[in-house]
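Worksheet: one structure, shown below.
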Amino acid sequence: MKGPILFLGIGGSGMSSLAHMALDLKLSVLGYDKKNSETTRYLQERGATIQNNIEQIPLEGIEMVVYSSAINDKHKQVFDEIKNKNIPLKHRSEFMHLLVSNQKSISVAGSHGKTSTTTMVSQILTELGMDPTIMIGGDTSLLEKRGGKIGGGKFAVYESDESDGTFLGHKASIRLLTNIDNDHLDYYKTRERLEDAFFEYISFGTAGDAVLFANDPGIRDVLIHKTKDIHFSPDFHLYLCMEKKDKESDWYHSLESKLGNQLIVILYQIKEDVLEFDFPGFTSLTLQLPYPGVHYLTNGLVALVGAFIAGVSPEVAAGILSRYIGVKRRQEILGIWNGVTVMDDYGHHPTEIAMVIRSLKNKLKSNGRLVVLFQPHRYTRTQLLLKELAESLSLAEHLMILPIYSAGEPSIPGITHESFLPFLEIKNVEFLKGEIDLDLISIKSKLKKGDMLLCLGAGNVRDWGLQLLEDKS
1 MKGPILFLGI GGSGMSSLAH MALDLKLSVL GYDKKNSETT RYLQERGATI QNNIEQIPLE
61 GIEMVVYSSA INDKHKQVFD EIKNKNIPLK HRSEFMHLLV SNQKSISVAG SHGKTSTTTM
121 VSQILTELGM DPTIMIGGDT SLLEKRGGKI GGGKFAVYES DESDGTFLGH KASIRLLTNI
181 DNDHLDYYKT RERLEDAFFE YISFGTAGDA VLFANDPGIR DVLIHKTKDI HFSPDFHLYL
241 CMEKKDKESD WYHSLESKLG NQLIVILYQI KEDVLEFDFP GFTSLTLQLP YPGVHYLTNG
301 LVALVGAFIA GVSPEVAAGI LSRYIGVKRR QEILGIWNGV TVMDDYGHHP TEIAMVIRSL
361 KNKLKSNGRL VVLFQPHRYT RTQLLLKELA ESLSLAEHLM ILPIYSAGEP SIPGITHESF
421 LPFLEIKNVE FLKGEIDLDL ISIKSKLKKG DMLLCLGAGN VRDWGLQLLE DKS
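Heads up, the sequence shown is in UniProt numbering, so the first residue is 1 and it goes up one at a time.
Okay, here's the thing in structure tokens:
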């Protein structure tokens, strides 16, 4: 391409990753984002030109425009102008496929755990010198703040984000699925449509390999209800990670009778913080990670199986994951304040919240309390999952709730952070104002030496933790 590629919303995690990949290919990158950030500044350091006013971007000479679902009706005039000039307009998922079209793809989907699992697969392949192309929707040291990079190896590893349905354009030959849960129902409207989308993602009737964590209830529902009349391609292989007891279930026997040797089963059990698993052709193996929580272990098993399909011994992969580097905002320790550990985690869905609270309480045991500072993410999600969020948050020993982080959504009348109150089963709860300086007075008064303060949510809740750490009093 001679002219620049214009990225609309270049500061977003997915869009910035693609922009970095374009820069790796020595393409000229022009971007729009209404806010300056560390992300946009780093892109500029690498050679991107970024504007904060979309009206000031000259469209003459632009080779292609890449956009995300975050670019909406407010930008209709710009979209119309782009179309009138016959400039190719690509959704970010389409552009990603252009970038990886010459490589064999490993995609990772699921309501939770996509970023961690993608990072795990990427770390395994990278440490073995396989130089994969990588796109991850989170910040990990594996990519040095980039989120995405072009590799010269055989494989491309990327997240498949189901939030807007565009992940169904991802035609990877190796498809990993961690779980299916009630999220993004503002887009799908019903659970059935959500399950239909994941069923289509697995692509049972096509060639390729799918790895499913079959102990997840949502995935089991799909296997039970949607595979009855499916025609399985003779070039399709299904890898199931599951507990031994499920081998006696009717749904498993149904799959086994239809697939025969196209079905590969990996049986596991978890003892303490160790996952023991039996892999066909290998004697008993174990997986242990530097991070607490059953969800990390099961994500690690799915990643390990995906790497196996790419040619990596499960024993070697388990050894690499024993030093898993992690992802920023996933149980990330920000520092220590007066003997209190301050941690940040991106969890914003009821299942994620329950998993991280349980794993951290188990880690602390009787050594201190888990004090949770929660920031709800989006008015629509809060409204749809109000009761479920409250049930998960009630697992905390002390809870403080910030106002809702809108993520650009308009407010919904009657939906605020105090809407949780009727559903909370916890006595120690407080609703904060959303003003850091004022909130910290209350937060500090609740903390004792040995406690852990968990800053929880997908917005900017970590800013409260960072500000606390700067307070020396």
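By construction, the Cβ of each residue, glycine as well, lies at the ideal position given by its N, Cα and C atoms.
(message) Just to confirm, is the Cβ distance from GLY151 to ASP131 under 7 Å?
(response) Closer than 7 Å, so yes.
(request) Within the same chain, show all residues whose beta-carbon is closer than 7 Å to that of GLY465, passing over the 5 residues directly before and after it, in chain order. (result) Contacts found: LEU334, VAL342, ASP344, LEU453 and CYS455.
(message) Please state whether the Cβ-Cβ distance between ASP216 and SER111 is less than 7 Å.
(response) At least 7 Å separates the beta-carbon of ASP216 from that of SER111.
(request) May I ask which residues mark the beginning and end of the alpha helix (DSSP H) holding VAL78? (result) Run containing VAL78: 76-84, per the alpha helix (DSSP H) assignment.
(request) Please determine, among GLY218, TYR324 and PHE155, the residue with the shortest C-alpha to C-alpha distance to PRO292. (result) Residue TYR324 is the option with its Cα nearest to PRO292.
(message) For HIS377, list the residues DSSP reports as bridge partners.
(response) Its beta-bridge partners are TYR405.
(request) Note the first and the last residue of the continuous beta strand (DSSP E) segment covering ARG175. (result) Looking at the DSSP string, the run of the beta strand (DSSP E) that includes ARG175 is 174-177.
(request) Could you tell me the distance, in whole angstroms, from the CA atom of THR140 to the CA atom of THR119? (result) Each residue's CA atom was taken as its position, placing THR140 and THR119 some 8 Å apart.
(request) State the start and end residues of the unbroken beta strand (DSSP E) segment that holds LYS433. (result) In the DSSP annotation of this structure, LYS433 is not part of any beta strand (DSSP E), being labelled neither H nor E.
(message) Measuring CB atoms only, is the segment 349-359 touching the segment 427-444, in the sense that at least three cross pairs come out at less than 8 Å?
(response) Touching, no.
(message) Taking 8 Å as the cut-off, does the segment 247-261 touch the segment 216-227 (at least 3 CB pairs, one atom from each stretch)?
(response) As far as the Cβ criterion goes, the segment 216-227 touches the segment 247-261, which means the pair count is three or higher.
(request) Report all residues from its chain with a CB closer than 8 Å to the CB of residue 481; omit the five preceding and five following residues, and keep chain order. (result) Residue 481 lies beyond the stretch modelled for the chain, which goes from 1 to 473, so this question has no answer here.
(message) Rounded to the nearest angstrom, what separates LYS2 and TYR405 at their Cα positions?
(response) In this model, LYS2 and TYR405 are separated by some 40 Å (Cα to Cα).
(message) Buried or exposed for residue 477, going by 16 or more other Cβ atoms inside 10 Å?
(response) Residue numbering for the chain in the displayed model covers 1 to 473; residue 477 lies beyond these limits and cannot be assessed.
(request) Can you check the segment 19-50 for any beta strand (DSSP E) of at least 3 residues that lies completely inside it and give the ranges in chain order? (result) Runs found: 29-32.
(message) Bridge partners for PHE155 per DSSP, in chain order?
(response) Beta-bridge pairing by DSSP links PHE155 to LYS104.
(message) Looking at the strands, I want to know which residues DSSP matches up with MET64.
(response) In the DSSP output, where bridge partners are listed per residue, MET64 has ILE5.
(request) Measure the alpha-carbon distance for ALA303 versus GLN269 and round it to whole angstroms. (result) For ALA303 and GLN269, the distance between alpha carbons rounds to 16 Å.
(request) Please list, in chain order, all residues of the same chain as LEU194 whose beta carbon is under 6 Å from its beta carbon, the five residues on each side excluded. (result) Here the set comprises TYR188.
(message) Going by beta-carbon coordinates alone, are GLU200 and LEU168 separated by less than 7 Å?
(response) Taking 7 Å as the cut-off, the Cβ atoms of GLU200 and LEU168 count as close.
(request) Would you mind working out which of ASP246, VAL78, VAL274 and VAL429 sits nearest ILE401, comparing C-alpha positions? (result) Nearest Cα to ILE401 within the set ASP246, VAL78, VAL274 and VAL429: VAL429.
(message) I believe GLU63 touches ILE5 by the beta-carbon criterion, under 8 Å. Please report the beta-carbon distance rounded to the nearest angstrom.
(response) At roughly 6 Å, the Cβ-Cβ gap stays under 8 Å, so GLU63 and ILE5 are in contact.
(request) Name the residue from GLN383, GLU391 and LEU424 whose alpha carbon lies nearest to the alpha carbon of PRO413. (result) Among GLN383, GLU391 and LEU424, the Cα nearest to that of PRO413 belongs to GLN383.
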